[in-house]
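In the numbering used here, the protein residues as written are 6 to 288. Beta carbons: idealized from backbone N, C-alpha and C, even for Gly.
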Amino acid sequence: MRNLEQPPIEQTPEEVSKPEKEYNFELMEKTEPVMVSLVTQLKDGIEQGRWSSLLSDDIGGRIPTLVLRRILKEKGPNPNVRAHFLAAGQRYMPSDRVDLEEYEEEGIIADFNNERRPPPAASEEEKKKYEKVKDYLRKLDFGDERILIVTQYVFRGKTLEKMGFALGDAEVKNPFDFAIVHTSGLSGSLRRIEAFKHLVGSEIFIGAEEYSSHLASGHETMAGFAKKENYSPRPETLVGHIRKGGRKQLLTLQEAKEIQKNMRLAREDVKTMAKRVIEQVWK
Numbered sequence: 006m007r008n009l010e011q012p013p014i015e016q017t018p019e020e021v022s023k024p025e026k027e028y029n030f031e032l033m034e035k036t037e038p039v040m041v042s043l044v045t046q047l048k049d050g051i052e053q054g055r056w057s058s059l060l061s062d063d064i065g066g067r068i069p070t071l072v073l074r075r076i077l078k079e080k081g082p083n084p085n086v087r088a089h090f091l092a093a094g095q096r097y098m099p100s101d102r103v104d105l106e107e108y109e110e111e112g113i114i115a116d117f118n119n120e121r122r123p124p125p126a127a128s129e130e131e132k133k134k135y136e137k138v139k140d141y142l143r144k145l146d147f148g149d150e151r152i153l154i155v156t157q158y159v160f161r162g163k164t165l166e167k168m169g170f171a172l173g174d175a176e177v178k179n180p181f182d183f184a185i186v187h188t189s190g191l192s193g194s195l196r197r198i199e200a201f202k203h204l205v206g207s208e209i210f211i212g213a214e215e216y217s218s219h220l221a222s223g224h225e226t227m228a229g230f231a232k233k234e235n236y237s238p239r240p241e242t243l244v245g246h247i248r249k250g251g252r253k254q255l256l257t258l259q260e261a262k263e264i265q266k267n268m269r270l271a272r273e274d275v276k277t278m279a280k281r282v283i284e285q286v287w288k
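Next comes the structure, spelled out in structure tokens:
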């Protein structure tokens with residue numbers, strides 16, 4: 006109880022006018038301008054209902070995907086836009102399946118299945134894992150329109166290349182586009198996925214062509230994920246990953262609670278970012 010003889014603390018005019026904090030995580034605030042840039046490019050497609058689903062490369066793409074789903078549901082014609090997650094950066098996911106040197110400036114390759122090299126050598130165990138990935142993709146409901154593949158960062162494009170060919174190997178009929186928050190800005194960084202322009206008519210949307218560690222340095226903590234060999238990891242796998250093999254001692258109850266708290270705060274920030282991006286793009 007406050008001492009009644011002590012006068013109340015008065016706020017200065019600066020403190021009274023100071024705006025309330027928008028985000029729980031500073032890195033979300035730093036990423037907002039790039040998401041505005043990306044969504045501005047996606048705006049026409051969103052309004053036209055070009056995409057009926059989102060497919061994230063999971064760990065890095067999870068936060069941007071959740072933001073984009075909220076925006077597509079609110080500003081597009083389809084309130085049932087679906088979001089799916091695939092951990093595509095696994096060694097059993099085949100890559101390097103197209104000889105990019107054969108592409109001409111005009112782009113003459115039209116057959117998605119017949120122009121690829123044989124998949125690289127893989128063990129029987131890796132082949133079995135890849136079969137599970139294909140089965141997983143076949144069972145997902147992508148809706149009737151295109152898929153928007155979402156990632157936080159592209160360096161050479163191998164992970165997105167794997168996702169594109171996995172969709173083809175799973176005989177998913179929906180064509181797809183790419184939404185990339187950041188690229189490395191290096192020459193040739195998009196060369197692998199640019200091949201899909203000729204294969205399935207993919208469009209590529211980029212928030213910023215420069216490296217940023219904003220989400221790269223914090224998304225695991227925010228999303229509750231850690232890299233592991235699982236094609237479709239679930240939230241809170243960061244807790245399970247650390248408990249099972251990441252360290253000698255189990256997490257304390259307090260540490261586990263902290264991860265879960267960060268996930269809750271990240272969900273709040275997803276909602277905040279979607280709202281703020283909409284306000285700026287549809288002003």
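Considering just the uninterrupted stretch of the alpha helix (DSSP H) at residue i, what are its terminal residues?
i: V205; result: 196–205
i: G212; result: Premise fails: G212 lies in the beta strand (DSSP E), 209–213, not in any alpha helix (DSSP H).
i: K144; result: 129–144
i: V177; result: Counting along the chain, V177 falls outside any alpha helix (DSSP H), and DSSP gives it neither H nor E.
i: P69; result: 67–80
I'd like to confirm the pairing. Which residues does DSSP put opposite residue i in its beta bridges?
i: A88; result: L59
i: V44; result: BP columns for V44 are empty, so no partner.
i: A271; result: The partner list for A271 (beta bridge, DSSP) is empty, contrary to what the question assumes.
i: Y158; result: H187
i: D182; result: L153
Can you say whether residue i is buried or exposed, counting buried as having 16 or more other CB atoms within 10 angstroms of its CB?
i: E20; result: Residue confidence is low: E20 scores 43 on pLDDT, short of 50, so the model does not pin down where it sits. No coordinate-derived value is stated.
i: D274; result: buried
i: Q157; result: buried
i: E10; result: Any reading at E10 is ruled out, since the residue's pLDDT is 44, under 50, leaving its predicted position unreliable.
i: K132; result: exposed
i: S207; result: buried
i: R84; result: A small correction: the amino acid at residue 84 is Pro; Arg does not occupy that position in the sequence shown. Burial call: exposed.
i: G169; result: buried
i: G212; result: buried
i: G190; result: exposed
i: R96; result: exposed
i: S194; result: buried
i: L258; result: exposed
i: P12; result: The predicted position of P12 is uncertain, since its pLDDT is 41 and thus under 50; no value can be drawn from it.
i: R196; result: exposed
i: F147; result: buried
i: F160; result: exposed
i: E166; result: buried
i: R269; result: exposed
With three or more beta-carbon pairs closer than 8 Å as the criterion, would you say the region 55–65 touches the region 34–41?
no
Segment contact, 8 Å Cβ cut-off, at least three pairs: the region 36–51 with the region 194–205
no
Do the region 80–94 and the region 54–63 touch if we need at least three Cβ pairs shorter than 8 Å?
yes
Tell me whether the region 45–55 and the region 141–149 touch, counting them as touching only if at least three CB pairs, one residue from each stretch, are closer than 8 Å.
no
Can you find at least 3 beta carbon pairs, one from the region 167–178 and one from the region 66–84, that sit closer than 8 Å?
no
Specify whether the region 181–188 and the region 146–157 touch according to this definition: at least 3 beta carbon pairs, one from each stretch, less than 8 Å apart.
yes
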